[in-house]
Amino acid sequence: MVASERLATADIVAAAKWGTGQPIEDPEREAQVLDTVRQQAVERGIEPDAAVAIFRDQIEANKLVQRYLHHGWTANPAQRPTERPDLDEIRPVIDRLNGELLNEIRATAGIRGQPSCRPRLMIALRQVSPEPDTTEPGGANEARHTGIHRAGLIRAAPSLCD
2 MVASERLATA
12 DIVAAAKWGT
22 GQPIEDPERE
32 AQVLDTVRQQ
42 AVERGIEPDA
52 AVAIFRDQIE
62 ANKLVQRYLH
72 HGWTANPAQR
82 PTERPDLDEI
92 RPVIDRLNGE
102 LLNEIRATAG
112 IRGQPSCRPR
122 LMIALRQVSP
132 EPDTTEPGGA
142 NEARHTGIHR
152 AGLIRAAPSL
162 CD
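Plus 1 on top of the position in the sequence shown (first one is 1) and you've got my numbering.
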């Protein structure tokens, strides 16, 4: 699920912004992304307002995960990132995933309007974010991160179905 891959970039973006004073909220970048999405949606024959709504949810989900991580790093310095990724390197990855997500939106246009969309979406979300094995070393930490990513996926999902 491309939405899950896109959400996974939140960890890298959060690490890139950590300790730089750069805010999680970036209205200028968000507007750029949404303008590009609108243009690419039209080019792909996708209803642009629907595409923008989906991507707005994706952005909000990404920020949810980033805020959670920053809060955790503030509370527990031992978990802070040891390296600072370069946002200029991750943004092309996000742009590529945006294109893939637009392709999925176009490919699923008929399904997204059906009554079965939400139940099918919930099943798909559970499949991409399995319960962690907390019996393994580091499992409790993994459980916490899986939980926020699951919450992020749920936050990203509302507009995926019409």
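Even glycine gets a Cβ: it sits at the ideal position worked out from N, Cα and C.
If you run the structure through DSSP and keep just helix, strand and coil, what is residue i?
i: Arg7; result: helix
i: Val129; result: helix
i: Gly114; result: coil
i: Met123; result: helix
i: Thr37; result: helix
i: Glu84; result: coil
i: Thr109; result: coil
i: Asp96; result: helix
i: Trp74; result: helix
i: Gly153; result: helix
i: Asp163; result: coil
For a quick check, are the C-beta atoms of residue i and residue j less than 9 Å apart?
i: Leu65; j: Gly153; result: yes
i: Ala17; j: Ile91; result: yes
i: Val34; j: Ala52; result: no
i: Ile106; j: Ile55; result: yes
i: Leu102; j: Ala158; result: no
i: Ser160; j: Arg57; result: yes
i: Gly20; j: Arg85; result: yes
To the nearest angstrom, how far is the alpha carbon of residue i from that of residue j?
i: Met2; j: Pro116; result: 20 Å
i: Gln40; j: Pro49; result: 8 Å
i: Pro93; j: His150; result: 21 Å
i: Ile47; j: Ala32; result: 19 Å
i: Leu126; j: Gln59; result: 14 Å
i: Leu70; j: Arg156; result: 16 Å
i: Val43; j: Asp36; result: 11 Å
i: Ala110; j: Asn63; result: 23 Å
i: Asp87; j: Ala108; result: 32 Å
i: Asp83; j: Thr75; result: The sequence shown places Thr at residue 83, not Asp. The straight-line gap from Cα to Cα measures roughly 14 Å.
i: Glu61; j: Pro120; result: 22 Å
Got a sec? Which residues, its chain only, sit under 6 Å from residue i by beta carbon, not counting five neighbours each side?
i: Gly114; result: Asp163
Could you pull out every residue in the same chain whose Cβ sits closer than 8 Å to the Cβ of residue i, ignoring the five residues on either side in sequence?
i: Leu98; result: Val3, Glu6, Arg7 and Thr10
Excluding the five sequence neighbours on either side, which residues of its own chain have a C-beta within less than 7 Å of the C-beta of residue i, listed in chain order?
i: Ile112; result: Cys118
i: Gly73; result: Gln80
i: Arg45; result: Leu103 and Arg107
- prompt: With a cut-off of 8 Å, do at least 3 Cβ pairs link the segment 28-35 to the segment 69-79?
  reply: Not touching, per the Cβ criterion.
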